[in-house]
Every structure is written in C-alpha cells, then in structure tokens.
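A.B. asks:
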Amino acid sequence: MSIPFIDLQAQRARLGDKIDKAIAGVLERGDFIQGFAVREFEDKLAKFTGASHVVSCANGTDALTLVGMAEELGPKDAVFVPAFTFVASAEAFVILEAVPFFVDVDPETYNMDPISLKQAILDAKKEGLTPRMVVAVDLFGQPADYPALEIIARDNSLTLVADAAQSLGGRISNKKVGTLADYTTTSFFPAKPLGCYGDGGAVFTENSDKAALIKSLSQHGKGTEKYDNVRIGINSRLDSIQAAILIEKLSIFEDELITRQQIADRYSEALKSTVRTPVVNDGNQSAWAQYTISTDDRDGLKAHLNEVQIPSSIYYPLPLNQQGGYSRYPVNSGGVSVSEVCSKKVLSLPIHPYLSFPVQDIITKNIISYI
Ligand SMILES: Cc1ncc(COP(=O)(O)O)c(C=O)c1O
C-alpha cells in the first residue's frame with residue numbers, strides 16, 4: 011500500500027463531477043482571464059474569512075510582492091521576516107530591492123518571536139535601514155501572535171503583513187485568518203489547505219484604496235481603461251479555470267478543516283509521549299497545513315519511515331539566513347538560534363482530510379516503535 015503525503019485524488023473523488031462541470035462552465039463562457047468565476051470566488055472568500063476585500067493573483071509569492079509594491083518598498087527599507095519559513099516570505103521583497111531582516115521564532119509555535127522582532131527593529135535602525143514592514147508567517151497553519159505583533163508594529167509605524175500561505179481557515183478566537191493584519195496574503199498551491207490545480211494566490215485587506223491599488227498593480231498598473239497604465243505594475247492574475255475549481259473546493263473547506271483537526275488530535279494523542287507534538291496556543295485554531303513533530307533523532311526517524319514507505323517531509327532543512335542566496339542579509343543581534351535548532355529537528359507527517367484512521371495508526375505505530 012502506498013501512503014500519499016497529501017491525497018488530492020480522494021478530494022477529487024468526493025467532489026465527483028463538480029470540478030469537471032466548473033471547468034466546462036469556463037470553457038463555455040470563454041472568459042478565461044478575470045472572468046465571472048474570479049469575481050465569484052473573491053466574493054465567496056471574502057465572506058468565508060470576513061475580510062472586506064479580496065484581490066486574487068497568480069500565486070502566494072506575488073501576493074507578497076504586490077503588498078510590497080503597494081507600500082512602495084525600496085532600497086534600505088527593512089522587512090522583518092522569520093528565519094524559519096519558506097523562501098518566498100523573503101524573496102518577494104528582495105526583488106523590490108528591500109532588505110529582509112531575519113527574526114527568530116518561538117520554540118513552541120515556530121512563529122515569529124515578538125521579543126526578537128523588537129531587537130531586530132533596533133538593530134535595523136543602527137544599520138541605517140528604515141524599518142517598514144513585519145511579515146509574520148503562520149507556519150504550518152497556526153496564526154502568528156498577531157495581538158503582540160500588532161502592538162510592536164503600531165509603536166514603530168510598521169505595516170503588519172500576515173503571510174497566510176499555510177493558514178487559510180485558521181483563527182484567533184473568532185477572528186479568521188484574512189482579518190488579523192493590515193494585509194494578509196495566501197497561496198492556492200495544490201498542497202495548501204485550500205489548493206487549486208495549479209498556481210494561485212490572494213491578498214486580503216480592510217482598506218478599499220489599497221485593495222484597488224493592488225488590483226491595479228496586478229494588472230500592469232491599469233487605470234480605469236484597459237490601455238491606460240497609470241503606474242508600473244506586473245501581470246499577476248488568478249485564471250478563471252483555477253477560480254472555478256476553487257469555488258468547488260471552498261464549498262467543502264469548512265468540513266475539511268474539521269477533519270484536519272480530528273486527525274491532528276489523533277496524532278497528538280498517539281505521539282505525545284514519544285516526540286514533541288505541535289503546540290497550538292489557547293484560542294487559536296490551526297488550518298493544519300502540516301502536522302510537524304520534533305525529535306533529536308529526526309534524520310534517523312525520517313530514514314526509518316522512508317524504509318517502511320511512509321512519506322515525511324522536512325519543512326525547512328535550513329533557516330533562510332543559512333541559505334546561499336540569503337546569507338548576506340542581516341540577522342537580529344540576538345541571533346536566530348531557535349530557527350537553526352528547529353530546522354534540524356522538525357519532521358512533517360502526512361496530513362490531509364482523507365487520511366484514514368487505520369493508515370494514521372500505521373504511521374504512529376512506526377514512529378513509536380522506531381523511537
Ligand atoms: C509560508 C509561505 N509563503 C509563501 C509561499 C508562496 O506561495 P506560492 O508557492 O503560491 O508562490 C508559500 C508556498 O509554499 C509558503 O509556504
């Protein structure tokens with residue numbers, strides 16, 4: 011039996027012919043670019059999250075770049091980014107010539123450590139940079155500590171951005187991801203909690219002027235008329251076929267999130283005395299993009315799981331400050347030792363809404379017997 015890390019085929023089987031019909035609808039209408047499905051999906055996603063404005067775009071990396079463009083980031087502007095994240099969280103701003111400034115993460119949640127952020131802001135000023143933006147990443151699906159980060163951002167006149175590529179569907183108390191920061195960005199990459207069958211992304215904001223600006227930036231800096239280019243933009247659009255697919259997937263998303271939570275709870279119950287299991291803070295709801303354990307013998311465990319054909323992944327084997335392309339960028343003076351240690355110990359296990367309990371039991375038994 012082969013165990014998939016993420017089972018997109020099981021989801022497709024559940025949706026029956028709805029996806030095929032949704033795609034056929036776009037083909038019949040022929041509105042491939044910025045068609046009816048794109049507007050409908052944006053409206054439905056705004057309703058789902060409670061955000062006032064949703065602007066879709068081509069992927070989660072562009073979503074971050076569009077936010078950087080809307081805030082007119084440029085050389086000498088510091089963007090505070092956790093060292094323990096996917097490269098896009100920093101890359102999106104480097105192409106605007108801004109400076110990613112690496113901040114450490116909390117050892118329990120793996121999300122940005124507010125104390126490390128405070129230090130980094132002081133350091134950036136000392137280095138002659140202008141602190142401009144905080145990009146909190148909701149790693150593995152749990153929202154970052156926005157209440158604490160928001161205070162620091164306000165005190166320092168920084169724009170607070172939630173990189174929610176992994177956390178769409180998550181919450182802090184009754185506030186959903188999409189509404190927790192000045193801007194929220196997400197990704198519809200197929201493996202994300204809400205994924206399409208290609209690339210896709212979106213920006214969420216409460217500010218109608220900024221939403222209109224981001225829409226314009228995503229369409230070549232378009233003004234009111236098609237060939238009226240009032241600013242420098244890029245071409246970053248969610249295509250109508252992906253939007254039509256996402257409308258169908260969004261219709262079962264809430265139910266899938268409940269199942270993800272059940273699976274995460276079962277993992278934690280089975281593994282809590284064997285490895286370090288994920289910590290979700292009181293009042294927080296994770297979207298469980300990943301179920302990530304931590305253990306000193308991570309590499310041995312991964313090799314063992316490989317041998318018994320159980321897939322697992324390391325997100326992420328190197329913190330960004332140790333990646334070739336990024337090692338030249340500044341790190342807060344307190345260092346990022348938590349990020350460096352986490353990258354040696356974490357291991358993500360298969361999690362998706364269609365993981366059966368018997369298969370999950372095989373996974374946990376193998377982990378327990380190895381450790
Ligand atoms: C934390 C984080 N930020 C940004 C991205 C970028 O999203 P995309 O692949 O849609 O560009 C990802 C995707 O893996 C991610 O995990």
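If you're matching positions, the sequence shown starts at 11 in our numbering and goes up one per residue. Glycine residues also receive a C-beta, built at the ideal position from the N, C-alpha and C atoms.
1) Give me the Cβ distance between Phe-198 and Gly-210, rounded to the nearest whole Å; I'm assuming they're in contact under 8 Å.
2) Taking only the alpha-carbon atoms, compute the straight-line gap between Asp-265 and Ala-32 and give it to the nearest angstrom.
3) Please state whether the Cβ-Cβ distance between Pro-360 and Pro-321 is less than 9 Å.
4) Grab me the residues of Thr-194's own chain with a C-beta within less than 6 Å of its C-beta, minus the 5 sequence neighbours each way, in chain order.
5) Go to Asp-87, then tell me how far its alpha helix (DSSP H) extends in each direction, as first and last residue.
6) When you compare each of Val-356, Tyr-339, Ser-183 and Glu-350 to Lys-312 by their alpha carbons, which one comes out closest?
7) DSSP three-state label for Tyr-156, please.
8) For His-314, name the three-state secondary structure that DSSP assigns.
9) Check each candidate in Ser-304, Ala-134, Gln-176 and Val-113 and name the one with the smallest Cα separation from Glu-125.
10) Consult DSSP for Ser-304 and reduce its assignment to one of helix, strand or coil.
11) Leaving out the 5 sequence neighbours to the left and right, which residues in its chain are closer than 6 Å to Leu-223 when beta-carbon positions are compared?
12) Could you work out which residue in Ile-242, Arg-49 and Ser-183 is closest to Gln-152 when comparing CA atoms only?
13) Check whether the Cβ of Thr-194 sits closer than 8 Å to any heavy atom of ligand 1, and report yes or no.
14) Hey, would you say the C-beta of Asp-116 is under 8 Å away from at least one heavy atom of ligand 1?
15) Whole angstroms are fine: how far does the CA of Pro-363 sit from the CA of Lys-354?
16) Give the C-beta separation of Tyr-207 and Gln-252 to the nearest angstrom, bearing in mind that I take them to be a contact with Cβ-Cβ under 8 Å.
17) Could you give the distance in angstroms between the alpha-carbon of Asp-27 and the alpha-carbon of Ser-99?
18) Specify, as a first and last residue, the run of the beta strand (DSSP E) that Arg-39 falls within.
19) Under 7 Å Cβ to Cβ from Ser-323, same chain only, skipping five residues before and after it: list those, please.
20) Given this structure, state the Cα-to-Cα distance separating Ala-93 from Ser-349, to the nearest angstrom.
21) Measuring from each Cβ to the nearest heavy atom of ligand 1, keep the ones under 6 Å and list them in chain order.
22) In this structure, what does DSSP give as the bridge partners for Asp-249?
23) Under three-state DSSP, which class holds Lys-375?
24) Mind the definition here: the segment 32-47 touches the segment 328-345 only if three or more C-beta pairs lie below 8 Å; say whether that holds.
25) Using the C-alpha atoms, what's the distance from Pro-288 back to Lys-186?
C.D. replies: Once the coordinates are examined:
1) The residue labelled residue 198 in the question sits at position 188 within the sequence shown. The residue labelled residue 210 in the question sits at position 200 within the sequence shown. About 3 Å; that satisfies the 8 Å criterion.
2) Looking up residue 265 in the sequence shown gives position 255. Looking up residue 32 in the sequence shown gives position 22. Answer to the nearest angstrom: the Cα atoms are 20 Å apart.
3) Residue mapping note: residue 360 aligns to position 350 of the sequence shown, counting from 1. Residue mapping note: residue 321 aligns to position 311 of the sequence shown, counting from 1. Contact: yes.
4) The residue labelled residue 194 in the question sits at position 184 within the sequence shown. Cβ within range, chain order: Ala-172, Ala-174, Gly-188 and Phe-214.
5) Your numbering for residue 87 matches position 77 in the sequence shown. Not the alpha helix (DSSP H): Asp-87 falls in the beta strand (DSSP E), residues 87-92.
6) The sequence position of residue 312 within the sequence shown is 302, counting from 1. Comparing Cα-Cα distances from Lys-312 to each of Val-356, Tyr-339, Ser-183 and Glu-350, the minimum goes to Val-356.
7) For this step, residue 156 is matched to residue 146 along the sequence shown. Looking at Tyr-156 - three-state DSSP - the assignment turns out to be helix.
8) Looking up residue 314 in the sequence shown gives position 304. Note: His-314 maps to helix in three-state DSSP.
9) For this step, residue 125 is matched to residue 115 along the sequence shown. Reading off the sequence, residue 125 comes out as Ile, not Glu. Looking at the Cα atoms, Val-113 is the closest of the given residues.
10) Taking the sequence shown and counting its residues from 1, one reaches residue 304 at position 294. It is a strand residue.
11) Residue mapping note: residue 223 aligns to position 213 of the sequence shown, counting from 1. For Leu-223, where only same-chain residues beyond five positions count, the Cβ hits under 6 Å are Ala-80.
12) What you label residue 152 is simply residue 142 of the sequence shown in a count that begins at 1. Cα-wise, what sits closest to Gln-152 is Ser-183.
13) For the purposes of this step, residue 194 is taken as residue 184 along the sequence shown, with counting starting at 1. It does not: the Cβ of Thr-194 is nowhere closer than 8 Å to a heavy atom of ligand 1.
14) Walking along the sequence shown from the start, residue 116 turns up at place 106. Because no heavy atom of ligand 1 lies under 8 Å away, the Cβ of Asp-116 does not count as near it: no.
15) Against the sequence shown, residue 354 aligns to sequence position 344. Against the sequence shown, residue 363 aligns to sequence position 353. The straight-line gap from Cα to Cα measures roughly 28 Å.
16) Taking the sequence shown and counting its residues from 1, one reaches residue 207 at position 197. Taking the sequence shown and counting its residues from 1, one reaches residue 252 at position 242. Tyr-207 to Gln-252, Cβ: 7 Å. Contact.
17) The residue you call residue 27 lines up with position 17 of the sequence shown. The residue you call residue 99 lines up with position 89 of the sequence shown. Their backbone Cα atoms lie some 36 Å apart in a straight line.
18) Within the sequence shown, the letter at position 29 stands for residue 39. Here Arg-39 belongs to no beta strand (DSSP E); instead the alpha helix (DSSP H) covers 28-39.
19) Start at 1 with the first residue of the sequence shown, and residue 323 comes out as number 313. For Ser-323, where only same-chain residues beyond five positions count, the Cβ hits under 7 Å are Phe-15 and Ser-358.
20) By 1-based counting over the sequence shown, the position of residue 93 is 83. By 1-based counting over the sequence shown, the position of residue 349 is 339. Between the C-alpha atoms of Ala-93 and Ser-349 there is a straight-line separation of about 6 Å.
21) Here the list is Asn-69, Gly-70, Thr-71, Thr-95, Phe-96, Ala-98, Ser-99, Val-147, Asp-173, Ala-175, Gln-176, Ser-197, Phe-199, Asp-209 and Gly-211.
22) Reading the sequence shown from its first residue, position 239 is the one you call residue 249. Ile-43, per the DSSP bridge assignment.
23) Sequence index remark: in the sequence shown, residue 375 carries index 365 (1-based). Look at Lys-375 here: in three-state DSSP terms it is helix.
24) no
25) To locate residue 186, count along the sequence shown from 1; it is residue 176. To locate residue 288, count along the sequence shown from 1; it is residue 278. If you take the alpha carbons of Lys-186 and Pro-288, they lie about 20 Å apart.
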